[in-house]
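A.B. asks: Before I ask anything, here is the structure I am working with.
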Amino acid sequence: MAPQSYSTLQLGRRMTKVTKPTDPEGLILEAWSQGYMVGSIIIMICITLSNIRRGVLLHKLILLELIFGTFHGFFIFNNAPVYGWYLSVSAIFLNTSWSLHNVVAYLKTKPFMGRKMKIFYLTTFIMAQPYWILEIYANFTYFNNINDIFLRTRAFEALCRDPWWVYTTCCLLYNIRKRYNFGIFELIYLSPRFGIMLLAMVLSIVFTIIDICSVTDALKSALPDGLNPFWKLAFVFKLLTDSVILDDFKTALDKLSAVNLNKAEERSSGKSYAYEDGELFVE
């Protein structure tokens, strides 16, 4: 949930009380966005459980990331004072899920990184973590009507959450083209899963940009005060990129490359090579 107004930034005691949405438009928007988020994540949890492999840390982190993301989708059912408390506590799990997403992105992109890039990625990621401690405090004090620090910290949320994800997206696209010499449409033809993942990556970044515009009041007139569904849309598409293909990007692309290289043998021998559920097999 977004702060009620970025233009009224101030520290200290608040001027207006933050409560559960009471107007029909605001209530419907918030309930819809929470239902969309939780429903989508539950489906992704089921898909992940059906594809997960024992002993693979990456798969377990993706499942944990999904589970933590669900808790913040139920605070609309509560009334004061439970509303503020539940929203604040569930936000801790949400923030943890966001950080786990960047850890997952690192593990998936790690085979493409050089040593210096790995150090830079991890160092900057660790440097951003104190912000989330502050954000947990600010979230609690804002939604429990103690002070307005959250109005200042919320504007930096995307900066401390998304740069590593943008890098991951760019790194993957670069390696698809340069290292594997795949065209985007060729890749989608070989693996529709990759097409879904790439589309989800793009949409997550688009909705993140819209979220930033909303927080800075660029979309103030288009939304009820204090409500912002765009981060939920971006969050769901980020989770989709992790769950639709559980393996790291290099492993998945190597398997697709093997399918591509065996096309000539398929034509000459009459054998059919297929790629399904992350495995290469002969029909």
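Going by the working numbering, the first residue of the sequence shown is number 40, and it counts up by one from there.
Cβ coordinates follow ideal geometry from the N, Cα and C atoms, glycine included.
1. What span of residues does the alpha helix (DSSP H) with Thr109 cover, start to end?
2. Which term fits Lys56, buried or exposed, when burial requires 16 or more other beta carbons within 10 angstroms of its beta carbon?
3. Under a Cβ-count criterion, where at least 16 other Cβ atoms within 10 Å of its own Cβ denotes burial, should Arg93 be classed as buried or exposed?
4. Just the C-alpha distance for Gln73 and Val142, rounded to the nearest angstrom, thanks.
5. To the nearest angstrom, how far is it from the Cα of Lys271 to the Cα of Ile227?
6. Which term fits Gly153, buried or exposed, when burial requires 16 or more other beta carbons within 10 angstroms of its beta carbon?
7. Anyone know if the C-beta pair for His111 and Leu139 falls short of 7 Å?
8. So, at 6 Å on beta carbons, what are the nonlocal neighbours of Leu237 in its own chain, with the 5 sequence-adjacent residues on each side left out?
9. Express the C-alpha separation of Leu212 and Asn90 in angstroms, rounding to a whole number.
10. Give the C-beta separation of Leu285 and Thr87 to the nearest angstrom, bearing in mind that I take them to be a contact with Cβ-Cβ under 8 Å.
11. What do you get for Phe320, buried or exposed, if any count of 16 or more other CB atoms within 10 angstroms of its CB means buried?
12. Could you check what DSSP says for Cys199 in three-state terms: helix, strand or coil?
13. From Ile84 to Tyr75, what distance separates their C-alpha atoms?
14. Using only alpha-carbon positions, find the residue among Glu64, Trp137 and Trp124 that is nearest to Phe164.
15. Can you give me the Cβ contacts of Asn178 inside the same chain, cut-off strictly under 7 Å, excluding the 5 residues immediately before and after it?
16. Under DSSP, the alpha helix (DSSP H) around Arg232 begins and ends at which residues?
17. Would you kindly check if the distance between the Cβ of Tyr145 and the Cβ of Tyr160 is under 7 Å?
18. The alpha helix (DSSP H) with Lys147 in it runs from where to where?
19. Does the distance from the CB of Leu395 to the CB of Ile67 come in under 7 Å?
20. Less than 7 Å separating the beta-carbons of Thr148 and Leu173?
C.D. replies: On the basis of the supplied data:
1. Leu96 to Thr109 is the extent of the alpha helix (DSSP H) around Thr109.
2. Under this definition Lys56 is an exposed residue.
3. Arg93 counts as exposed, since fewer than 16 other beta carbons sit within 10 angstroms of its beta carbon.
4. One C-alpha to the other measures close to 25 Å.
5. Taking the straight line from one Cα to the other gives about 26 Å.
6. That one is exposed.
7. Judged by their CB atoms, His111 and Leu139 are not nearer to each other than the 7 Å cut-off.
8. Excluding positions up to five away in sequence, the list is empty.
9. Inter-residue distance for Asn90 and Leu212 is about 25 Å (C-alpha atoms, whole angstroms).
10. With 8 Å as the limit, Leu285 and Thr87 qualify as a contact, their Cβ atoms being about 7 Å apart.
11. Model confidence at Phe320 stands at a pLDDT of 48, short of 50, so the residue's coordinates are unreliable and nothing is read from them.
12. Cys199 falls in the coil class under three-state DSSP.
13. Cα to Cα, Ile84 sits roughly 14 Å from Tyr75.
14. The candidate whose alpha carbon is nearest that of Phe164 is Trp137.
15. The residues are Ser127, Ala130 and Phe189.
16. Run containing Arg232: Pro231 to Val254, per the alpha helix (DSSP H) assignment.
17. Yes, the pair counts as a contact, with Cβ atoms nearer than the cut-off.
18. That run of the alpha helix (DSSP H) goes Val121 to Thr148.
19. Outside the shown range of the chain, which is 40 to 322, sits residue 395, and nothing can be said about it.
20. Taking 7 Å as the Cβ cut-off, Thr148 and Leu173 do not qualify as a contacting pair.
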